[in-house]
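Here is the structure we will look at, set down as structure tokens.
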Amino acid sequence: ALSVTEYELYDVTNGNQASFLPLGNDKFESVKLPTPVYFFTQQYDEVFYPFFANAPFPIEYPAIAPFYSNVDTTVTNDTTKIAYYVTHDPQVLYSATDVIRNGFTNTIDFEARSILVVTWYRVGHFDRSSDAFNTYQVAVICGDSETYVQFLYPDGGLNWIKGDVGESGLPDVRAQAGFVSEEGEVFTLKGSGQENVKYLTELTNYGVPGIFLYRVGPLGYDQNVQEPDRYLGSPESTHLTCRDRGKHRCHSSADCEDTRAGFCCSCKDGYYGNGYSCIKSDAPIRVSGLITGTLGDRTVNSQLQSYVVTSDGRTYTAISPLEPEVGSRLQLLQVIGSSIAWLFAKPIGNVQNGYQLTGGSLNHTAILRFEGSDEECRVVQRFTGLNIWDQLAVNIELNCNLPEIPYGARLRFGDYVEEFSWVSNTELRSSDWQRRISIQDHDRDLVYSLTQMISFERCPYAEKTSAPEDESTPQKISKVSVSYEPREQAIRISMLSKAGIDRTSNPCSDGSAICGENTLCVPSHDEDDAENYMCQCKNGFAPDRIEGGVEHCADIDECRGVNICDENAECYNELGGYSCICRPGYQGNATESPEPVSDFRSHPCDTADACSSNAICVSGLCFCVNGYSGDGKLCTPNCAPDEEWVVDQCVHRDNLEEDYRPVLFCAEERCSCPLGFQPMEHAFGITCVLQDNGDSFNTNDYYGPEGNNGSYECVCKPGYDGDGHTCEEKSVSCAEEDICDEHATCKYDQNERSSVCVCDPGYEGNGRTCYVVAECHYDDDCGISSVCEAGMCNCREGFERDASDYCVPIGSCGGAICAENAICRWDQTQMVSYCYCPPDFEGDGIHSCKSRPPPCNVRNNCGLYASCLPNYRLDSTVYECVCDPGYEGDGFVCTRELNCLLDPRMCHPQAKCLSVATGVKCVCNQGYIGNGTLCEEIQRHETGFLLISQGVAVVRVPFTAQRGRPVSMSQMAIGVDKDCTEGRVYWSDISSKTIVSSKYDGTDKKTFISEDILSPEGIAVDWISRRIYWTDSTKDTVEVASLDDAKLRAVLVRKDLVNPRGIAVDPHHGKIYWSDWNRAQPKIEWANLDGTGREVLLGQPQVMLPNSLAIFQKSGELCYADAGNFQIGCIDTYSKNHRVVVSNLSYPFGLAISDDHFYWTDWTTKKIESLDLLGNRKSGITGPLFGSHKMYGMTAVTSECPMYFSECQVNNGECPASRICLHNPNAPSRRSCKCANSHNCNEIVFDD
């Protein structure tokens, strides 16, 4: 049957009445349904679409997915669209009803009442790709009590199956098609998540290729989606052939071959596998899975990640997390790494490795028994093939009793060879009765036996063959390294594996030897030599450096040392050798005294092209090479055609080997042969051999043995490719070989599609070679009072560097000149110098330090309209002059105060004149915000829900535990908080390095900050002073910005932070709080809103891994989620009393508090957990939308939005344009004007 065409789809635009999704890769819409959708056991009256995602099924929210993948319509053609509409058109409803009745029995009474049609028409994929387009459609057909779904894939409609590689460098998930229920039940179409998903245009369950029909609800709790029980087309053929079914089952990179019983698949050239699963030859691959089971009385539950460099059979495996006692003993299970090595061993000769045999689907069982004890271990590994990320999936079960390993001990595994013998056509077995592991530094060996069994399936329709008799497949494992890293709680295993190499193989010829640049591999017959070979520098080279444990050699410049050139000859260094050229006016072999040339003339030259092909250009003149004579422009041979020029004479070719024996000349580290001969190196020494004049030797060539027949040929050096005569540098990925400079990091480059070396910060270069970046280029690159000189920042004349690395005036103290009477002191805690006024003096030590006058109760010196009163703020025994009420001044000069009591017109109609801490001021009424002279009504906004960041999206979930909805898509949203005054949500995105905001419903989305921000993990909004605070875990800072002007920002804390994470703001009490997720010294700190008064509020053991913070408005307490103590706790910041709200949690991260509940996100349960104020635990709410993604920060949007007076609310608190106003209740003016980052205020700021 022919596939459905685009013209047979439902009308895409519904007669131009359809709605269209905005273009992009993070857009979505919701549709209210006139007729409810019955889906599995639930009923829905609203749907969201589309979700651009790459999570594997099952996702933890209900979904109807015709093609679940990373759609991106940012770059489109003229026809690209995502259209949607609900239709009640009688003709369309009649046709849909007819489709249902034709496909299902007992549906004679079904009538379609409405149809939701969504069409993805010629859409591209992530990231902004327009090289291929897909078209597909879904129709949700709703009746009175039943719902059916129709998927339509038109002919030629599926041309891509996954998006491009993202920032992580990992491949995208292949498209999936099917259904996911509220409870996590999954139903998938054929090929879902596989390469063959593209054949949905040719398949069907209804009878028309490209059309699939399903009954999706209502269903019982034990029911799944139902397929049609009637088939309109011809029955499928029962004879299995390539034409009928083969291409739908074979891998897209495999060929299908018919057999007598059916068909089999085999990978195409350039790929390898079993035909059903093929991977590209020499392409790296990852292995991932779970490790569960027991180790004695300990439970093991860890993850495995492995990276395989298939081009040379290297594997790098990591297992984590593992407690030290467990991890130390599990180092003995090197067999876990060797099973992966068996799969991807580098084949030598015509042998096959494990993946070529099995396609990555197999069971591997290993049994270890340790000599002298009853300890044994059974390891069962089930490899299930490539998952939707193209990673090989494995599940490993352990049942082990293993010997104790001293903590910190290093284990040594020698090289070994495994022999796998065939038990049957699908089974292999290997037995080794005496394996040995050395425990270094403890003079102890562990001896054990190892039995391995491998079983897999071959093509069921292949011609029957018996198991190969007396055949075995050897595998050599070398370069084994196993270690336990306590800090990472991880075991790391690496090794090199070659298939087809037995115990008699020569490492120099079988490819397992690893030698450095300009070296030769020499086999070793020393049984104590673990490598079985040595790497020696080639002739003309000397040891230079060691990288990755491999020695590399560099060329020797013989012309700077001992050489055999005559005093009348010039020495020219070459790679691996040198040449002697007679000086102008001389001729000869250049190694013995040349004879003067009478009437010598040489042809002038600029380049070698101006000379004869048998001449060279030296110092602007052409010189014939030895064996030729002439002026350089014309050079004639010295010998007859049947003779060769040897040293200084002509020798007949027939007598060359017999009559002439070239003499090898050696001096220090260099050996040379006479002209016409060249050195030949081998394992037994160096001899001179006749040079073949027909070949020119590339500077990247060397002579080396090829095979075992004793012949020699030109072979490119390691790191170069070619035929030996022409060699070019290999393009090697740093993910495959450690080629980066010690000051560089291997990173994935999206544009290059490969991993490249990138110099570390502070260095520059190509990544393979990095050098220190100049500290500065211009004076502006340096700090205050410093200049750039020769790439270094130096203090200006009259300035010097202090202990904090600032340029300060010579003789200054901590950057300031102390006032008269003040002395300079050193603060050991803050490690800074400061000016100090001694007792009986007053002032800040910088601007003034005056002798304190007698108090006014001793000497009555107060001014007019002032009184002498005790200073109750500091010391009630000390008296001072204070202006009387209604007057202002310093107590010595008091003037009448102009305030709202005297002139009520100063206040806005919606403000009152009140007495506050700093005097009489206009204060806006409740429900209004402003500075009292200008008040604006606070807008009322939606309330009663949680806002949660889920990485790929910010979502909102009602307190009533109903299903949430997305607010906005994102790349990696972490921190989140609300501005209850404006009704906006702010979130931080650590992937795009931005802070973004939108209204609560997702509209009016804006990027708030996108510059000088690296990893903003936590954010907090001060809705009263109109400020936003955030932590940056890469910069290790706490920062602030104005909500009215994002460029007005400042760094508050930049010292003594390791990993700042959660942050909370209490505008009423003028405090900020932040957590430092420092495993060595975790803490929660607090400070004033301007960063002053910094103190540690909580440390160990009260907190271990503090994540999010929240203010409990009713009690004024600071509350926190602690993933280390597995609890939610609160602290009264005044009494410092600490209490535990709820304990024994799994992994709390985000925290929010409403009027009557505590809410937190849990990474283990993947739910929103809650507790009421009476201590009653509530049922968890399943991940609101993107359940497969972790939930991070959260905030509660309640009706409470208390307003208080703040000096910084309006007009930046009257601070200068270069400074940001920050509330500080302890300051005389209750505010501080802090220098903004974008300005130079000529001030030096130290953290408190």
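So the sequence shown is numbered by the UniProt record's numbering: it starts at 1 and just counts up by one.
In this text, a Cβ means the ideal position worked out from N, Cα and C, and glycines have one as well.
Which listed residue (the options) has its alpha carbon closest to that of residue i
i            : options                : result
residue 1133 : 948, 1118 and 1139     : 1118
residue 472  : 461, 428 and 438       : 428
residue 16   : 7, 85, 2 and 975       : 85
residue 293  : 929, 617, 631 and 397  : 397
residue 1017 : 1000, 1027 and 1039    : 1039
residue 295  : 273, 325, 275 and 314  : 325
residue 299  : 323, 827 and 315       : 323
residue 948  : 1203, 958, 941 and 939 : 958
residue 572  : 584, 559 and 498       : 559
residue 129  : 160, 110, 136 and 100  : 160
residue 939  : 24, 372 and 929        : 929
residue 332  : 43, 147, 266 and 405   : 405
residue 497  : 1025, 971, 475 and 740 : 475
residue 868  : 1146, 562, 37 and 890  : 890
Beta strand (DSSP E) segment containing residue i, residue limits
i            : result
residue 979  : 965-979
residue 123  : 114-125
residue 432  : 427-440
residue 1127 : 1127-1131
residue 997  : 994-999
residue 342  : Per DSSP, residue 342 belongs to no beta strand (DSSP E); it is in the alpha helix (DSSP H), 335-343.
residue 1249 : Outside the displayed range of the chain (1 to 1248) lies residue 1249, so it cannot be described from this structure.
residue 782  : Looking at the DSSP string, residue 782 is not in any beta strand (DSSP E), and its letter there is neither H nor E.
residue 1087 : 1083-1088
residue 298  : 298-309
Beta-bridge partners of residue i, as assigned by DSSP
i            : result
residue 578  : 573
residue 1064 : 1073
residue 1111 : 1118
residue 987  : 976 and 996
residue 810  : The partner list for residue 810 (beta bridge, DSSP) is empty, contrary to what the question assumes.
residue 227  : Per DSSP, none; premise fails for residue 227.
Exposure of residue i, with buried meaning 16 or more beta-carbon neighbours within 10 Å
i            : result
residue 1139 : exposed
residue 539  : buried
residue 222  : exposed
residue 340  : buried
residue 996  : buried
residue 73   : buried
residue 1083 : buried
residue 134  : buried
residue 317  : buried
residue 1049 : buried
residue 112  : buried
residue 921  : buried
residue 640  : exposed
residue 663  : Any answer about residue 663 is weak, because its pLDDT of 49 lies below 50 and its placement is not dependable; what the coordinates show is given next. With fewer than 16 Cβ atoms within 10 Å of its Cβ, residue 663 is classed as exposed.
residue 209  : buried
residue 1079 : exposed
Minimum Cβ-Cβ distance from residue i to chain C less than 8 Å
i            : result
residue 1006 : The question asks about chain C, but that chain is absent: this structure has only one protein chain.
Host alpha helix (DSSP H) of residue i (start-end)
i            : result
residue 101  : 90-103
residue 356  : 354-358
residue 1163 : Taken as a continuous stretch (DSSP letters only), residue 1163 belongs to no alpha helix (DSSP H), as it is neither H nor E.
residue 330  : 324-330
task: Count the C-beta pairs between the segment 511-522 and the segment 552-560 that are closer than 8 Å, then say yes if the count reaches three, no if not.
output: yes
Segment contact, 8 Å Cβ cut-off, at least three pairs: the segment 291-306 with the segment 382-390: no
query: Any chance the segment 98-105 sits against the segment 124-133, with 3 or more Cβ pairs inside 8 Å?
result: With the cut-off at 8 Å, the segment 98-105 and the segment 124-133 do not touch.
message: Under 8 Å, with one C-beta from each stretch per pair, do the segment 856-867 and the segment 888-898 reach the 3-pair mark?
response: yes
- prompt: How about the segment 1148-1164 and the segment 1112-1132: do they share at least three Cβ pairs that are nearer than 8 Å?
  reply: yes
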